[in-house]
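Chemist:
In the working numbering, the protein residues as written are 57 to 291.
#1: On a CA-only basis, which of 104, 134, 143 is nearest residue 191? Give me that one, please.
#2: So, are the CB atoms of residue 83 and residue 264 less than 8 Å apart?
#3: In the DSSP assignment, what are the bridge partners of residue 164?
#4: According to DSSP, is residue 187 helix, strand or coil?
#5: So, with DSSP's three-state summary, where would you put residue 123?
#6: Can the beta-carbon of residue 170 be found closer than 8 Å to that of residue 86?
#7: Output the residue ranges of the beta strand (DSSP E) runs that lie fully inside the region 210-269 and measure 3 residues or longer, sorted by chain position.
#8: Using alpha carbons as the reference points, say which of 179, 157, 218, 92 lies closest to residue 244.
#9: Residue 130 by DSSP, collapsed to three states: which one?
#10: Residue 316 and residue 114 look like a contact to me (Cβ under 8 Å); what is the Cβ gap, rounded to whole Å?
#11: Secondary structure at residue 139, three-state DSSP: helix, strand or coil?
#12: Determine whether the Cβ of residue 108 lies closer than 8 Å to any Cβ atom of chain D.
#13: Closest to residue 94 by C-alpha separation, out of 220, 206, 231, 136, would be which residue?
#14: Take the Cβ of residue 112 as the centre, count every other Cβ of all protein chains shown within 10 Å, and call the residue buried at 16 or more, exposed below.
#15: Within the same chain, show all residues whose beta-carbon is closer than 6 Å to that of residue 228, passing over the 5 residues directly before and after it, in chain order.
#16: Under 6 Å Cβ to Cβ from residue 138, same chain only, skipping five residues before and after it: list those, please.
#17: How would you write the range of the beta strand (DSSP E) that residue 86 sits in, first residue to last?
#18: Under DSSP, the beta strand (DSSP E) around residue 104 begins and ends at which residues?
#19: Which residue's Cα is closest to the Cα of residue 203: 99, 214, 117, 156?
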(Lines of atoms letter the chains of each structure in order from A and count residues from 1; the text may use other names and numbers.)
(Lines give C-alpha, C1' and ligand atoms only; values in the text may rest on other atoms or scores of the structure.)
Protein backbone atom coordinates (compact mmCIF):
# COMPACT_ATOMS: atom_id res chain seq x y z
CA UNK A 1 0.00 0.00 0.00
CA UNK A 2 2.80 2.41 0.94
CA UNK A 3 4.60 1.69 -2.33
CA UNK A 4 1.43 2.39 -4.29
CA UNK A 5 0.90 5.68 -2.47
CA UNK A 6 4.48 6.74 -3.19
CA UNK A 7 4.00 5.89 -6.87
CA UNK A 8 0.71 7.82 -7.03
CA UNK A 9 2.28 10.86 -5.35
CA UNK A 10 5.21 10.82 -7.76
CA UNK A 11 2.86 10.67 -10.76
CA UNK A 12 0.84 13.62 -9.48
CA UNK A 13 4.05 15.64 -9.00
CA UNK A 14 5.12 14.82 -12.57
CA UNK A 15 1.78 16.01 -13.95
CA UNK A 16 2.09 19.24 -11.98
CA UNK A 17 5.62 19.90 -13.30
CA UNK A 18 4.57 19.23 -16.88
CA UNK A 19 1.56 21.49 -16.54
CA UNK A 20 3.61 24.31 -15.05
CA UNK A 21 6.45 24.12 -17.58
CA UNK A 22 4.50 23.60 -20.77
CA UNK A 23 4.45 26.57 -23.16
CA UNK A 24 2.03 26.68 -26.07
CA UNK A 25 3.53 26.64 -29.54
CA UNK A 26 2.79 29.75 -31.58
CA UNK A 27 4.46 29.37 -34.99
CA UNK A 28 3.29 31.96 -37.51
CA UNK A 29 3.07 32.46 -41.26
CA UNK A 30 2.40 36.11 -42.12
CA UNK A 31 1.63 37.15 -45.70
CA UNK A 32 2.10 40.77 -46.74
CA UNK A 33 1.68 42.45 -50.12
CA UNK A 34 1.32 45.78 -51.85
CA UNK A 35 -2.09 46.72 -53.16
CA UNK A 36 -4.42 46.32 -50.19
CA UNK A 37 -7.47 48.01 -51.68
CA UNK A 38 -8.63 49.05 -55.13
CA UNK A 39 -6.71 50.63 -58.00
CA UNK A 40 -6.84 54.41 -57.71
CA UNK A 41 -7.43 54.28 -53.97
CA UNK A 42 -5.31 54.16 -50.83
CA UNK A 43 -3.44 51.10 -49.66
CA UNK A 44 -4.96 50.31 -46.26
CA UNK A 45 -1.74 48.81 -44.85
CA UNK A 46 1.16 50.75 -46.38
CA UNK A 47 2.37 54.27 -45.59
CA UNK A 48 5.32 56.22 -46.96
CA UNK A 49 7.61 59.22 -46.76
CA UNK A 50 8.71 60.74 -50.07
CA UNK A 51 12.31 61.44 -51.03
CA UNK A 52 13.72 63.40 -53.97
CA UNK A 53 12.62 62.94 -57.57
CA UNK A 54 15.05 61.45 -60.09
CA UNK A 55 17.75 60.70 -57.52
CA UNK A 56 18.63 58.50 -54.57
CA UNK A 57 17.86 59.27 -50.94
CA UNK A 58 20.20 61.93 -49.61
CA UNK A 59 22.63 60.10 -47.30
CA UNK A 60 21.92 57.15 -45.04
CA UNK A 61 18.42 56.56 -43.72
CA UNK A 62 17.95 57.66 -40.10
CA UNK A 63 15.53 56.61 -37.33
CA UNK A 64 13.63 59.82 -38.08
CA UNK A 65 13.17 58.70 -41.70
CA UNK A 66 11.70 55.36 -40.62
CA UNK A 67 9.42 57.12 -38.12
CA UNK A 68 8.25 59.46 -40.87
CA UNK A 69 7.41 56.51 -43.10
CA UNK A 70 5.46 54.88 -40.25
CA UNK A 71 3.44 58.06 -39.71
CA UNK A 72 3.18 59.03 -43.37
CA UNK A 73 0.30 59.15 -45.81
CA UNK A 74 -1.17 56.00 -47.30
CA UNK A 75 0.45 54.69 -50.44
CA UNK A 76 -1.71 54.79 -53.54
CA UNK A 77 -2.60 51.75 -55.63
CA UNK A 78 -1.92 52.61 -59.27
CA UNK A 79 -2.55 51.38 -62.77
CA UNK A 80 0.84 50.11 -63.92
CA UNK A 81 2.84 51.93 -66.54
CA UNK A 82 2.81 50.12 -69.88
CA UNK A 83 6.46 49.15 -69.42
CA UNK A 84 5.93 47.69 -65.95
CA UNK A 85 5.36 44.02 -65.18
CA UNK A 86 1.67 43.15 -65.19
CA UNK A 87 0.28 41.93 -61.85
CA UNK A 88 -0.95 38.89 -63.76
CA UNK A 89 2.67 37.88 -64.30
CA UNK A 90 3.70 38.41 -60.67
CA UNK A 91 4.12 35.46 -58.22
CA UNK A 92 1.28 36.84 -56.08
CA UNK A 93 -1.59 37.74 -58.45
CA UNK A 94 -3.33 39.66 -55.63
CA UNK A 95 -0.43 42.14 -55.36
CA UNK A 96 -0.67 45.54 -57.08
CA UNK A 97 1.66 48.40 -57.96
CA UNK A 98 1.83 51.25 -55.45
CA UNK A 99 3.26 54.75 -55.69
CA UNK A 100 3.13 58.05 -53.82
CA UNK A 101 0.21 59.34 -55.93
CA UNK A 102 -2.73 57.80 -57.74
CA UNK A 103 -1.18 58.71 -61.11
CA UNK A 104 2.28 57.43 -60.19
CA UNK A 105 2.28 55.02 -63.09
CA UNK A 106 2.23 57.75 -65.72
CA UNK A 107 3.64 60.95 -64.20
CA UNK A 108 7.05 61.92 -62.83
CA UNK A 109 7.74 59.84 -59.75
CA UNK A 110 9.84 60.12 -56.61
CA UNK A 111 12.08 58.06 -54.40
CA UNK A 112 10.06 56.84 -51.38
CA UNK A 113 10.37 54.78 -48.21
CA UNK A 114 7.33 52.48 -47.80
CA UNK A 115 6.33 50.87 -44.48
CA UNK A 116 4.00 48.00 -43.59
CA UNK A 117 3.43 46.65 -40.06
CA UNK A 118 3.02 43.05 -38.92
CA UNK A 119 2.56 41.43 -35.50
CA UNK A 120 4.62 38.66 -33.89
CA UNK A 121 2.84 36.74 -31.13
CA UNK A 122 5.72 34.40 -30.22
CA UNK A 123 7.66 35.34 -27.09
CA UNK A 124 10.37 32.67 -27.47
CA UNK A 125 11.46 32.71 -31.12
CA UNK A 126 13.77 29.97 -32.36
CA UNK A 127 13.72 30.73 -36.12
CA UNK A 128 12.36 33.43 -38.42
CA UNK A 129 12.70 34.04 -42.14
CA UNK A 130 11.48 36.53 -44.72
CA UNK A 131 10.77 35.45 -48.30
CA UNK A 132 10.12 38.35 -50.65
CA UNK A 133 9.52 38.99 -54.35
CA UNK A 134 9.25 42.43 -55.93
CA UNK A 135 9.23 44.49 -59.10
CA UNK A 136 10.27 48.14 -58.87
CA UNK A 137 10.72 51.28 -60.95
CA UNK A 138 13.59 51.91 -60.84
CA UNK A 139 15.41 50.02 -58.02
CA UNK A 140 15.15 49.24 -54.33
CA UNK A 141 17.97 50.65 -52.24
CA UNK A 142 20.90 52.67 -53.51
CA UNK A 143 24.71 52.63 -53.22
CA UNK A 144 24.40 53.85 -49.59
CA UNK A 145 21.22 52.19 -48.32
CA UNK A 146 19.79 48.69 -48.42
CA UNK A 147 16.48 48.27 -50.20
CA UNK A 148 14.64 46.17 -47.60
CA UNK A 149 14.61 46.79 -43.85
CA UNK A 150 13.09 45.02 -40.85
CA UNK A 151 12.58 47.37 -37.90
CA UNK A 152 15.10 49.75 -39.44
CA UNK A 153 17.84 47.14 -39.98
CA UNK A 154 18.89 46.74 -43.61
CA UNK A 155 19.03 43.30 -45.22
CA UNK A 156 22.34 42.46 -46.86
CA UNK A 157 22.36 42.19 -50.64
CA UNK A 158 19.28 44.36 -51.25
CA UNK A 159 21.04 47.58 -52.24
CA UNK A 160 20.16 48.96 -55.69
CA UNK A 161 18.53 45.80 -57.05
CA UNK A 162 15.44 44.91 -59.08
CA UNK A 163 13.72 46.24 -62.17
CA UNK A 164 10.23 47.19 -63.35
CA UNK A 165 9.68 44.39 -65.85
CA UNK A 166 11.23 41.46 -63.97
CA UNK A 167 10.73 39.76 -60.60
CA UNK A 168 13.52 39.74 -58.03
CA UNK A 169 13.26 37.30 -55.12
CA UNK A 170 15.20 36.48 -51.97
CA UNK A 171 14.98 34.77 -48.59
CA UNK A 172 16.54 36.23 -45.44
CA UNK A 173 17.13 35.10 -41.86
CA UNK A 174 15.48 37.77 -39.67
CA UNK A 175 15.44 36.02 -36.30
CA UNK A 176 17.69 38.60 -34.63
CA UNK A 177 15.62 41.52 -35.98
CA UNK A 178 12.14 40.64 -34.67
CA UNK A 179 10.44 41.52 -31.42
CA UNK A 180 7.22 40.30 -29.85
CA UNK A 181 4.41 42.66 -30.85
CA UNK A 182 4.43 45.15 -33.72
CA UNK A 183 7.25 45.00 -36.29
CA UNK A 184 7.70 46.92 -39.54
CA UNK A 185 8.91 45.91 -42.99
CA UNK A 186 10.29 48.76 -45.13
CA UNK A 187 11.11 49.11 -48.83
CA UNK A 188 13.25 51.96 -50.13
CA UNK A 189 12.15 52.54 -53.73
CA UNK A 190 14.69 54.63 -55.63
CA UNK A 191 13.60 56.74 -58.61
CA UNK A 192 16.15 57.66 -61.27
CA UNK A 193 13.75 59.31 -63.72
CA UNK A 194 10.20 59.03 -65.04
CA UNK A 195 7.39 57.20 -63.20
CA UNK A 196 8.15 55.36 -59.97
CA UNK A 197 6.43 52.46 -58.22
CA UNK A 198 6.74 49.21 -56.32
CA UNK A 199 4.94 45.86 -56.28
CA UNK A 200 5.87 43.22 -53.68
CA UNK A 201 4.78 40.12 -51.85
CA UNK A 202 6.40 38.92 -48.63
CA UNK A 203 6.01 35.98 -46.25
CA UNK A 204 7.37 36.00 -42.71
CA UNK A 205 7.65 32.54 -41.16
CA UNK A 206 8.49 32.02 -37.48
CA UNK A 207 9.04 29.08 -35.19
CA UNK A 208 8.81 29.43 -31.43
CA UNK A 209 6.47 29.36 -28.49
CA UNK A 210 4.79 31.61 -26.00
CA UNK A 211 6.40 31.89 -22.57
CA UNK A 212 5.73 28.98 -20.24
CA UNK A 213 3.14 29.78 -17.58
CA UNK A 214 1.70 27.67 -14.75
CA UNK A 215 -1.22 25.65 -16.04
CA UNK A 216 -4.54 26.02 -14.20
CA UNK A 217 -4.58 23.59 -11.31
CA UNK A 218 -0.80 23.09 -11.23
CA UNK A 219 -0.65 24.42 -7.64
CA UNK A 220 -3.43 22.07 -6.60
CA UNK A 221 -1.59 19.10 -8.12
CA UNK A 222 1.61 20.01 -6.26
CA UNK A 223 -0.34 20.11 -2.98
CA UNK A 224 -2.15 16.86 -3.68
CA UNK A 225 1.12 15.11 -4.55
CA UNK A 226 2.73 16.28 -1.29
CA UNK A 227 -0.28 15.07 0.71
CA UNK A 228 -0.24 11.61 -0.91
CA UNK A 229 3.50 11.23 -0.30
CA UNK A 230 3.08 12.28 3.35
CA UNK A 231 0.29 9.75 3.80
CA UNK A 232 2.53 7.07 2.31
CA UNK A 233 5.32 7.89 4.75
CA UNK A 234 2.94 7.68 7.77
CA UNK A 235 1.66 4.29 6.63
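Ideal Cβ positions, reconstructed from N, Cα and C, are used throughout, including at glycine.
Modeler: If we stick to the structure as given:
#1: 143
#2: yes
#3: BP columns for residue 164 are empty, so no partner.
#4: strand
#5: helix
#6: no
#7: 224-229, 237-246, 253-265
#8: 218
#9: strand
#10: Residue 316 falls outside the range modelled here, since the chain spans only 57 to 291, and no answer is possible.
#11: coil
#12: Absence of chain D from the displayed structure is noted, only one protein chain being present.
#13: 136
#14: buried
#15: 186, 211
#16: none
#17: 84-89
#18: 98-106
#19: 214
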